[in-house]
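**Q**
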Amino acid sequence: MSVLSLVELGVGPAIIFTLYEPLANKDENRLKSIMALYKKLYIIIGIIISVIGLIISPFLSIFIKDTLDIDNLKLIYLLFLLNTSITYFFTYKRSLIIADQREYIVNIFRYSFFLIMTIMQIVLLYLTRSFILFLLTQSLTIFIENLSINIKANSLYPFLKDKNVESIDVDTKNKILKNTGGVMISKVSGILVNSTDNLIISAYIGLIPVGLYSNYLLITSALNKILGHIFSALIPGFGNLIAEGNEERVKESFYTTMFINLWIYSFSVVSLYILLNPFISIWLGDEHLLDKNFVLMFVLVFFFDGIRKTVLSFKSAYGLYWEDRYKAIVQLTVNLIVSLLLVKKMGIVGVLIGTLSSTLLGPIWMEPLVVYKNKLRFSLKIYVKNIICFVLISIVSSLIIIYFSNLIDSHYLVKFIVKVLMCLIIPNLIIFVVYLKSDPMKHIKTILTQLFRKVSKRNHNRI
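According to my numbering, numbering within the sequence shown proceeds without interruption in unit steps and concludes at 464.
The following block contains the structure:
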């Protein structure tokens, strides 16, 4: 399904970038033109994905080494295809709300329906054990959620219902095409890097390892989704800040966001490395565990992919999609070559080494270089120094926690709780002490102080 979504070709991000200026200028005519184009393109994309998905369905066995006698495998695939296609027929109005710095509205709908869907799925699985009903519930919820967001968008932007729409101007079309080209290359690479991991594991090792790997991926995907929403929500704000032309404020925001980004992922990678296997052992049982070498490579991939979010946010805010195109080619090439060379000798760990290598040899240094050369001339030395420092903090924190946790001789649940507490305290305490007098920490203190004063003033006024 992820590979099929390549059909989108980066149209969404390219068009969203063109919405910032007309939104700032309240140019409704231009917004109508862009959204009309967006709607047409996404309907076409939804149809193409549906057709290609149906054409592929008879050849599923090529991508799966063993089917394990799974009942209704093709029906399950078609329901996943339906869930993927539905989004493209409704998603374009959601993007306008996000571009207008109102993502909280989208999130209210998203998480409300997600909660309802999850409760329904749990009940259905418990009562019927039917994966088909599980997926049908997902399809229905996705449809109603998107329909609800469309209705909300129409109420927020009444001009969207206006049938009198002018053709989009040539400059905007050219900008969209150029940015689409850049996003397309990056998107193709990103999806292939992530999606081919499962395909390679399935084709060379089998479906059972894919299932075990997916248990770990489920946890980090949920965490990445939450953190991804945080950083993607910052992009429109960065875009407005850039439009003001105050370079010093932009740089200050960059360094502070980068610091928070590194702090979050440093704490997260320590926690994941220490807690992943104990958690899965409690959750699913020891038979679902993968070895420590896998966990190490898995969390390293998570860390080095996650610390790119600040640079990616600023790259999107500046619209540097085309300038970033070569990174994607390097990333994809390295990932495929290394993964295919190592998968037979090292199994899943070999595939993860390929993914990690592709990140370290491509995005981790190319993306900041693109932002630095084209727009924001921040200090690359400070950038690299901070990454190295947080890597060292993560290693030291992990070693301290492992040492003290090995001294604990108690019930496994008690030991797990103690590990959780150590993961919460030790890495965060070390980061706080090391960076106590740094500029980003001072900036964070200023922001928190101002926020506290605003909240206190509001409460005082209410009283």
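Beta carbons: idealized from backbone N, C-alpha and C, even for Gly.
Would you call the CB atoms of F379 and F232 closer than 8 Å?
**A** Position 378 of the sequence shown, counted from the first residue, corresponds to residue 379. Position 231 of the sequence shown, counted from the first residue, corresponds to residue 232. Cβ distance not < 8 Å, so F379 and F232 don't count as in contact.
**Q** Going by beta-carbon coordinates alone, are I236 and S314 separated by less than 8 Å?
**A** For the purposes of this step, residue 236 is taken as residue 235 along the sequence shown, with counting starting at 1. For the purposes of this step, residue 314 is taken as residue 313 along the sequence shown, with counting starting at 1. Cβ distance < 8 Å, so I236 and S314 count as in contact.
**Q** Which full runs of the alpha helix (DSSP H) of 4+ residues lie inside the segment 367-427, going along the chain?
**A** 381-407
**Q** Given M118, which residues of its chain have a CB within under 7 Å of its CB, disregarding the five upstream and five downstream residues?
**A** Reading the sequence shown from its first residue, position 117 is the one you call residue 118. Cβ neighbours of M118 beyond the five flanking positions: T138, Q139, T142.
**Q** Is it right to say V415 is buried, meaning 16 or more other beta carbons lie within 10 angstroms of its own, or is it exposed?
**A** For the purposes of this step, residue 415 is taken as residue 414 along the sequence shown, with counting starting at 1. Its Cβ having fewer than 16 others within 10 Å, V415 is exposed.
**Q** Need the endpoints of the alpha helix (DSSP H) that P279 sits in, please.
**A** Your numbering for residue 279 matches position 278 in the sequence shown. 248-284 is the span of the alpha helix (DSSP H), which, as asked, contains P279.
**Q** Within a Cβ cutoff of 7 Å, which residues of the same chain sit near L97, ignoring the five residues on either side of it in sequence?
**A** Position 96 of the sequence shown, counted from the start, is the residue given in the question as residue 97. L20, M36, A154, Y158, listed in sequence order.
**Q** Could you tell me the distance, in whole angstroms, from the CA atom of L74 to the CA atom of R31?
**A** One-based indexing of the sequence shown puts residue 74 at position 73. One-based indexing of the sequence shown puts residue 31 at position 30. In this structure, the alpha-carbon of L74 lies about 46 Å from that of R31.
**Q** Output the distance between the C-alpha atoms of Y319 and L134, rounded to the nearest integer angstrom.
**A** In the sequence shown, counting from the first residue as 1, residue 319 sits at position 318. In the sequence shown, counting from the first residue as 1, residue 134 sits at position 133. Taking the straight line from one Cα to the other gives about 44 Å.
**Q** Taking the CB atoms as reference points, tell me whether T360 and Q332 lie closer together than 8 Å.
**A** By 1-based counting over the sequence shown, the position of residue 360 is 359. By 1-based counting over the sequence shown, the position of residue 332 is 331. Their beta carbons are under 8 Å apart, which means T360 touches Q332 by this criterion.
**Q** With three or more C-beta pairs closer than 8 Å as the rule, is the segment 204-211 touching the segment 32-51?
**A** no
**Q** Three or more C-beta pairs closer than 8 Å, one from the segment 387-395 and one from the segment 328-343: is that the case here?
**A** No: fewer than three Cβ pairs fall under 8 Å.
**Q** Within the same chain, show all residues whose beta-carbon is closer than 8 Å to that of E167, passing over the 5 residues directly before and after it, in chain order.
**A** For the purposes of this step, residue 167 is taken as residue 166 along the sequence shown, with counting starting at 1. Answer for E167: N30, K33, S34, listed in chain order.
**Q** Smallest Cα separation from T197: which of Y105, Y127, F305, V339?
**A** In the sequence shown, residue 197 corresponds to position 196, counting from 1. Residue V339 holds the alpha-carbon nearest to the alpha-carbon of T197 among Y105, Y127, F305, V339.
**Q** For D306, report the span of its alpha helix (DSSP H) as first-last.
**A** As a working mapping, residue 306 is identified with position 305 in the sequence shown. From DSSP, the alpha helix (DSSP H) with D306 extends over 293-307.
**Q** Can you name, in chain order, every residue of its own chain whose Cβ lies under 7 Å from the Cβ of M298, other than the five neighbours on each side?
**A** As a working mapping, residue 298 is identified with position 297 in the sequence shown. Excluding residues within five positions, the ones whose Cβ falls inside 7 Å are V350, L353, I354, L357.
**Q** Which complete alpha helix (DSSP H) runs does the segment 64-119 hold, if anything under 4 residues is left out?
**A** List check, alpha helix (DSSP H) in window: 74-91, 93-100.
**Q** Report the CB separation of L362 from Y373 in whole angstroms; it is logged as a contact under 8 Å.
**A** Your numbering for residue 362 matches position 361 in the sequence shown. Your numbering for residue 373 matches position 372 in the sequence shown. Actually they are not in contact, since the Cβ atoms of L362 and Y373 sit about 18 Å apart, beyond 8 Å.
**Q** Using the Cα positions of L449 and M442, report the straight-line distance between them to the nearest angstrom.
**A** Here residue 449 is taken as the residue at index 448 of the sequence shown, counted from 1. Here residue 442 is taken as the residue at index 441 of the sequence shown, counted from 1. Each residue's alpha carbon lies about 11 Å from the other.
**Q** Report all residues from its chain with a CB closer than 7 Å to the CB of L285; omit the five preceding and five following residues, and keep chain order.
**A** The sequence position of residue 285 within the sequence shown is 284, counting from 1. Here the set comprises N216.
**Q** Tell whether a beta-carbon distance below 8 Å holds between V434 and I394.
**A** Taking the first residue of the sequence shown as position 1, residue 434 is located at position 433. Taking the first residue of the sequence shown as position 1, residue 394 is located at position 393. Taking 8 Å as the Cβ cut-off, V434 and I394 do not qualify as a contacting pair.
**Q** Find the nearest neighbour of P364 within the set T129, P428, G307, judged by alpha-carbon distance.
**A** Here residue 364 refers to the residue found at position 363 when the sequence shown is read from its first residue. Selected option, being the one with the closest Cα: G307.
**Q** Which of the three DSSP states, helix, strand or coil, is assigned to K27?
**A** Locating residue 27 in the sequence shown gives position 26, counting from the first residue. Coil, per DSSP.
**Q** Which residue wins for smallest C-alpha separation from V171, given the options K179, Y214, G229?
**A** As a first step, residue 171 is located in the sequence shown; it is residue number 170 there, counting from the start. Nearest of K179, Y214, G229 to V171, Cα basis: K179.
**Q** What does a CB cutoff of less than 6 Å around M259 pick up in its chain, not counting 5 residues either side in sequence?
**A** As a working note, residue 259 is residue 258 in the sequence shown. The residues are T311.
**Q** Which residue comes first and which comes last in the alpha helix (DSSP H) that contains Y319?
**A** What you label residue 319 is simply residue 318 of the sequence shown in a count that begins at 1. First-last of the alpha helix (DSSP H) with Y319: 310-319.
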